[in-house]
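Chemist:
There are 2 protein chains.
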Amino acid sequence: MQISSRFTIAIHIFACMETFGKDYKITSDFLASSIQVNPVIIRNILSQLRKAGLIKVARGTGGTTALRPLDQITFYDVYLAVDLLEGGELFHFHENPNPDCPVGKNIHASLDDKLMQIQRAMENQMKQYSIADVVNDVKQYIVNAK
Amino acid sequence: MQISSRFTIAIHIFACMETFGKDYKITSDFLASSIQVNPVIIRNILSQLRKAGLIKVARGTGGTTALRPLDQITFYDVYLAVDLLEGGELFHFHENPNPDCPVGKNIHASLDDKLMQIQRAMENQMKQYSIADVVNDVKQYIVNAK
DNA sequence: CTTAATGTAGCGTCAACAATTACATTTTTA
DNA sequence: TAAAAATGTAATTGTTGACGCTACATTAAG
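Those sequence lines, one after another, are chains A and B.
3 is the number of the first residue of the first sequence in our numbering; add one for each residue after it.
3 is the number of the first residue of the second sequence in our numbering; add one for each residue after it.
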């Protein structure tokens, strides 16, 4: 299975906040028109980011701002906020291996730490990238296009 | 989302083949009783492993054998065989960012290689483990239990 | 020919993702 | 204080994939 598009949408949201935050109020409708998904999808993701302590959302008047410098928000932070799986486990282990079978009885113990190492490798690479990296890239593309 | 249990089931299958292959014929019913899932699930996974060139399945008479030494079958090989996602991409990118928005126009170019690096980190770690590692672990557990 | 097994089609159930409508709630401002 | 603008969230729908199961045609060996 794939990691949900909520993840790339969330990064897109941050990039818009930084790029347009000085000139526009960042509402869910504003974001929806850049990302081209339904505003309610945006609001739900904003809600997850807010609950994770990454952003502040103004009710009533509207508008969204980041609560940390963008170079201190990593891809991993965003991933945890919007795509957390049951128990945080990347792999779905088959539930009931037969305890009366020598393999069934021990397969879990053998696999668990290996699967965890694989998950860690992915998460550690996610920690290498911050929102600031993306924003800088996008700014560079915009400058080069002129 | 999680990586499907087909992956851990497939590894369990290999472990059973190696552990019991000399004493038993490895049929889908035999595997199903160790793994405790429906035999059809097993047969479908065996079919995927067969199409990936990892095993041979005897029709009619029944029975399954690996086509390579188990230290030359990595977790990554198994993952590719049973859990290949559309285009092989771990991340689902939102489809239609607005090309008239400077961010929407460039977000893909900025993210693509970063997402690929994250996926590579996971895949490379998968390549560090082979079926033989699991089989050795299980054998060790069995010896220690005596 | 019988038996035992695989291969596969075809159901059903369940959960997650995504889109959408609708509306209560909140805040600012005129 | 009332209107306007925005968020928060519930509810519904469609779609997809995972997983379980039944049924049966096909295959190979004795």
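Note that the Cβ used here is the ideal one computed from N, Cα and C, for glycine as well.
Going along the chain, which residues of the region 8-39 of chain A sit with their C-beta nearer than 8 Å to a C-beta in chain B?
Modeler: For the region 8-39 of chain A, which is checked against every Cβ of chain B, the residues closer than 8 Å are Phe9, Thr10, Ile11, Ile13, His14, Ala17, Cys18, Thr21, Phe22, Ser35, Ser36, Ile37, Gln38, Val39.
Chemist: So, at 8 Å on beta carbons, what are the nonlocal neighbours of Lys52 of chain A in its own chain, with the 5 sequence-adjacent residues on each side left out?
Modeler: The amino acid at residue 52 of chain A is misidentified as Lys; the sequence shows Arg. For Arg52 of chain A, where only same-chain residues beyond five positions count, the Cβ hits under 8 Å are Lys58, Val59.
Chemist: Once DSSP output is grouped into helix, strand and coil, what is the label at Ile133 of chain A?
Modeler: Here Ile133 of chain A sits in helix by DSSP.
Chemist: Check each candidate in A:His110, A:Gln130, A:Ser49, A:Leu56 and name the one with the smallest Cα separation from Tyr143 of chain B.
Modeler: Of A:His110, A:Gln130, A:Ser49, A:Leu56, the residue nearest in Cα terms is A:His110.
Chemist: For the alpha helix (DSSP H) that contains Val59 of chain B, what are its first and last residues?
Modeler: Note, Val59 of chain B: premise wrong, no alpha helix (DSSP H); beta strand (DSSP E) at 57-59.
Chemist: Consider the Cβ of Ile120 of chain A: report whether some Cβ of chain B lies at a distance smaller than 8 Å.
Modeler: Yes, its Cβ sits closer than 8 Å to a Cβ of chain B.
Chemist: Within a Cβ cutoff of 6 Å, which residues of the same chain sit near His14 of chain B, ignoring the five residues on either side of it in sequence?
Modeler: For His14 of chain B, where only same-chain residues beyond five positions count, the Cβ hits under 6 Å are Ile37.
Chemist: Quick check on the DSSP output: the alpha helix (DSSP H) that includes Thr21 of chain A runs from which residue to which?
Modeler: 8-22 is the span of the alpha helix (DSSP H), which, as asked, contains Thr21 of chain A.
Chemist: Considering only DSSP beta bridges, list what Thr66 of chain A is partnered with.
Modeler: Answer by DSSP bridge pairing, in chain order: A:Val59.
Chemist: On the criterion of 16 or more Cβ atoms from any shown chain inside 10 Å, does Gly62 of chain B qualify as buried, or is it exposed?
Modeler: Gly62 of chain B comes out exposed.
Chemist: Of all the residues that make up the region 99-115 of chain B, which are near chain A by a beta-carbon distance shorter than 7 Å?
Modeler: Listed in sequence order: Pro99, Asn100, Cys103, Pro104, Val105, Gly106, Asn108, Ile109, Ala111, Ser112, Leu113.
Chemist: What in chain B is Cβ-close to Asp139 of chain A, meaning under 8 Å?
Modeler: What Asp139 of chain A touches in chain B: Asn108, Ala111, Ser112.
Chemist: Between the alpha carbons of Pro71 of chain A and Met128 of chain B, how many angstroms are there, rounded?
Modeler: Their Cα atoms are separated by approximately 34 Å.
Chemist: Ala68 of chain A and Met19 of chain A look like a contact to me (Cβ under 8 Å); what is the Cβ gap, rounded to whole Å?
Modeler: Confirmed, about 6 Å.
Chemist: Around the Cβ of Lys27 of chain A, are there at least 16 other Cβ atoms within 10 angstroms (buried) or fewer (exposed)?
Modeler: Per the 10 Å Cβ criterion, exposed.
Chemist: Just curious, the alpha helix (DSSP H) that Gln119 of chain B is in, first and last residue?
Modeler: Looking at the DSSP string, the run of the alpha helix (DSSP H) that includes Gln119 of chain B is 104-128.
Chemist: Provide the residue(s) that pair with Ile5 of chain A in DSSP beta bridges, ordered along the chain.
Modeler: Answer is B:Phe93, bridged to Ile5 of chain A.
Chemist: Less than 8 Å between the CB atoms is what I'm expecting for Phe9 of chain B and Asp85 of chain B, so what's the real figure, rounded?
Modeler: Sure, about 5 Å apart at Cβ, within 8 Å.
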